[in-house]
Amino acid sequence: MVFVCVFATQAYAQEGSASPYSFYGIGSLNFKGTVENRSMGGISVYNDSIHLNLRNPAAYGGKNLAVYNNESRPIIYSVGGSHSNIKLQSNSNSDRTSTSTFDYLAVAIPLGKLGFGFGLLPYSSVGYKLENSNTNGDLGNRYKGEGGVNRTYLSFGYQLTNKLSIGATADYNFGNIKNSSIEFQYNTNNELLIYQTREDNKSSLSGLSFNLGAYYTTKLNDKLEIQTSLTYTPESKLKSTNKRSFSTFTFDPFGNENELNTIDSDLESQGLETTDLIIPSKLTIGVGIGEPRNWFAGLDYTTQQTSNFSNRLYNYQNATFENSSTISLGGFYIPKFNAFSGYFKRVTYRGGLRFEKTGLKVNNQSIKEFGISFGLGLPVGSGRDFFSNVNLGFEIGERGTTSQNLIKENFVNFQLSLSLNDRWFEKRKYE
Numbered sequence: 006m007v008f009v010c011v012f013a014t015q016a017y018a019q020e021g022s023a024s025p026y027s028f029y030g031i032g033s034l035n036f037k038g039t040v041e042n043r044s045m046g047g048i049s050v051y052n053d054s055i056h057l058n059l060r061n062p063a064a065y066g067g068k069n070l071a072v073y074n075n076e077s078r079p080i081i082y083s084v085g086g087s088h089s090n091i092k093l094q095s096n097s098n099s100d101r102t103s104t105s106t107f108d109y110l111a112v113a114i115p116l117g118k119l120g121f122g123f124g125l126l127p128y129s130s131v132g133y134k135l136e137n138s139n140t141n142g143d144l145g146n147r148y149k150g151e152g153g154v155n156r157t158y159l160s161f162g163y164q165l166t167n168k169l170s171i172g173a174t175a176d177y178n179f180g181n182i183k184n185s186s187i188e189f190q191y192n193t194n195n196e197l198l199i200y201q202t203r204e205d206n207k208s209s210l211s212g213l214s215f216n217l218g219a220y221y222t223t224k225l226n227d228k229l230e231i232q233t234s235l236t237y238t239p240e241s242k243l244k245s246t247n248k249r250s251f252s253t254f255t256f257d258p259f260g261n262e263n264e265l266n267t268i269d270s271d272l273e274s275q276g277l278e279t280t281d282l283i284i285p286s287k288l289t290i291g292v293g294i295g296e297p298r299n300w301f302a303g304l305d306y307t308t309q310q311t312s313n314f315s316n317r318l319y320n321y322q323n324a325t326f327e328n329s330s331t332i333s334l335g336g337f338y339i340p341k342f343n344a345f346s347g348y349f350k351r352v353t354y355r356g357g358l359r360f361e362k363t364g365l366k367v368n369n370q371s372i373k374e375f376g377i378s379f380g381l382g383l384p385v386g387s388g389r390d391f392f393s394n395v396n397l398g399f400e401i402g403e404r405g406t407t408s409q410n411l412i413k414e415n416f417v418n419f420q421l422s423l424s425l426n427d428r429w430f431e432k433r434k435y436e
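Position 86 of the sequence shown, counting from 1, maps to 91 under the working numbering, and the rest follow consecutively.
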């Protein structure tokens, strides 16, 4: 089988992605952190006791809060989702599409200096329908794909000292990716043949991955605080159980495919029935400065050995993988976190930007991504759960290029999360 790198002037939303670039690898990576992280350009360096940080497990460790009489920290429940509007543009045409996705469901539970968390999130999404024209201007190829990889995780963090916390996460990855390809055949009169052939592939993926993290925080003076973070994800492998078939079909008057017969390919004899899909190692370092409960500004740098990505099942003729990198800058401002009057004084105002080299290289063109983000953290609780909040995020950006006959995506992302904070245990004051 040969996968030819072509992009179409038609694209449609499938599953949790509508990007033509989800054609490659395990699709477009969904996991970029919580809405709070994404609203600050995607930085993961910031940590506090009332928001989840899904990207650094060391954030689960910490000290008890004075407002809880130094007896505990809040349990955090968080759920988030997003909606994307995308404009796809080539040198000759353009189209629009949109997707809505569930982003994460997570819980964090403190146990003194120790804390742990668990949850579910979609890690990557595949969703595309691509068509291109041949040299005669007729329909040449059609590609479809859907599916992705989901992730459940269990994280632990522990505060070693008042300044240093460490943590680890174990992820179980699972999912299915389906794709099909058709190369349309014509007779000598350039008429579409009645009988066409479609190739279908399905990969069932599963496997473990791990993430290690550390946080270091120190005071510069009575007001200013420095936060630093480090995470490392070792290289891992996902087991891919594969199926491939070839189907003969005809088109009905409405353009639907009517299958006539299907033959399964003998992948076992080719050594392709079970393959290993390599997930490259990744390193993120971050540093930030701010005044607690007032403002913060941070910088993250991430590098991943994407050039090591491989799956023997697929051969991308005009595409390769190179090492990826991301620079994120962002922060927040709270006018007065404990204001008794003036609701908007207690609102958290967030903003940031990111520059990403995705690691995908098509037609010798590196695919890059840029985004500018904004967000609001709206307090919603009172009494025992006064730390609860609703978080709104907004991001505009672009991915790809129209150079080398490729597709440029201009996107607008809307994100929403609900973060509920509660206290399970409280010491009795009187006997």
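For glycine and all other residues, C-beta sits at the position ideal for the given N, C-alpha and C.
Every value quoted in this text rests on a predicted model; they were computed, and no experiment measured them.
- Message: With distance defined between alpha-carbon atoms, name the residue in Leu217, Phe379, Gln201 nearest to Ser160.
- Response: Leu217
- For the region 345-433, list the beta strand (DSSP E) runs that are entirely contained and at least 3 residues long, ordered along the chain. 353-367, 370-384, 394-405, 413-427
- Reduced DSSP category for Glu4 - H, G, I as helix; E, B as strand; rest coil: Here the chain covers residues 6 to 436 and nothing more, so residue 4 does not appear.
- Task: Alpha carbon to alpha carbon, how far is Tyr109 from Asn141? Give it in angstroms, no decimals.
- Result: 47 Å
- Message: In whole angstroms, give me the CA-to-CA distance for Ile81 and Phe379.
- Response: 23 Å
- Message: Going by DSSP in three states, Ala13 sits in which element: helix, strand or coil?
- Response: Note on Ala13: pLDDT 36, under 50, position unreliable in the model; the coordinate value appears next. Coil at Ala13, not helix or strand.
- Query: Which residue from Ser393, Leu411, Asn415 puts its Cα closest to that of Gly402?
  - Reply: Asn415
- Closer than 7 Å, CB to CB, is Thr157 near chain C or not? Among the protein chains of the structure shown there is no chain C, as only one such chain exists.
- Task: Look up Glu41 in the DSSP assignment and say whether it is helix, strand or coil.
- Result: helix
- Item | Alpha-carbon spacing of Glu400 relative to Val84, whole angstroms | 19 Å
- Task: Assign Glu196 to buried or exposed, taking buried as 16 or more other Cβ atoms, counted over all protein chains shown, within 10 Å of its Cβ.
- Result: exposed
- Item | Burial state of Tyr133, where buried means 16 or more other Cβ atoms lie within 10 Å | buried
- Per DSSP, what kind of secondary structure is Asn313 in: helix, strand or coil? helix
- Item | C-alpha distance - Val417 paired with Asn90, whole-angstrom precision | 5 Å
- Task: Figure out for me which residue from Ser97, Leu93, Ala111, Val112 has the closest Cα to the Cα of Ser103.
- Result: Leu93
- Message: Going by DSSP, what residue range makes up the beta strand (DSSP E) through Glu136?
- Response: 119-138
- Identify which residue in Thr406, Ser208, Leu425, Phe419 has its Cα closest to the Cα of Pro25. Thr406
- Message: Is it the case that the region 232-245 contacts the region 259-269, given that we only count it when at least three CB pairs across the two stretches are under 8 Å?
- Response: no
- Task: May I ask you to list the residues that DSSP assigns as paired with Phe301?
- Result: Gly295, Phe337
- Message: In this structure, how does DSSP classify Phe8 when only helix, strand and coil are distinguished?
- Response: Low confidence applies here, because Phe8 scores a pLDDT of 30, under 50, leaving its location unreliable; read the following figure in that light. The answer is strand: DSSP assigns Phe8 an E or B state.
- Query: Are the beta-carbon atoms of Leu334 and Leu358 separated by less than 7 Å?
  - Reply: yes
- Beta carbon of Ser95: closer than 6 Å to some heavy atom of the ligand NAD? This structure lacks the ligand NAD, and indeed carries no ligand of any kind.
- Task: Can you check DSSP and say which residues form a bridge with Arg101?
- Result: Lys92
- Message: Once DSSP output is grouped into helix, strand and coil, what is the label at Phe215?
- Response: strand
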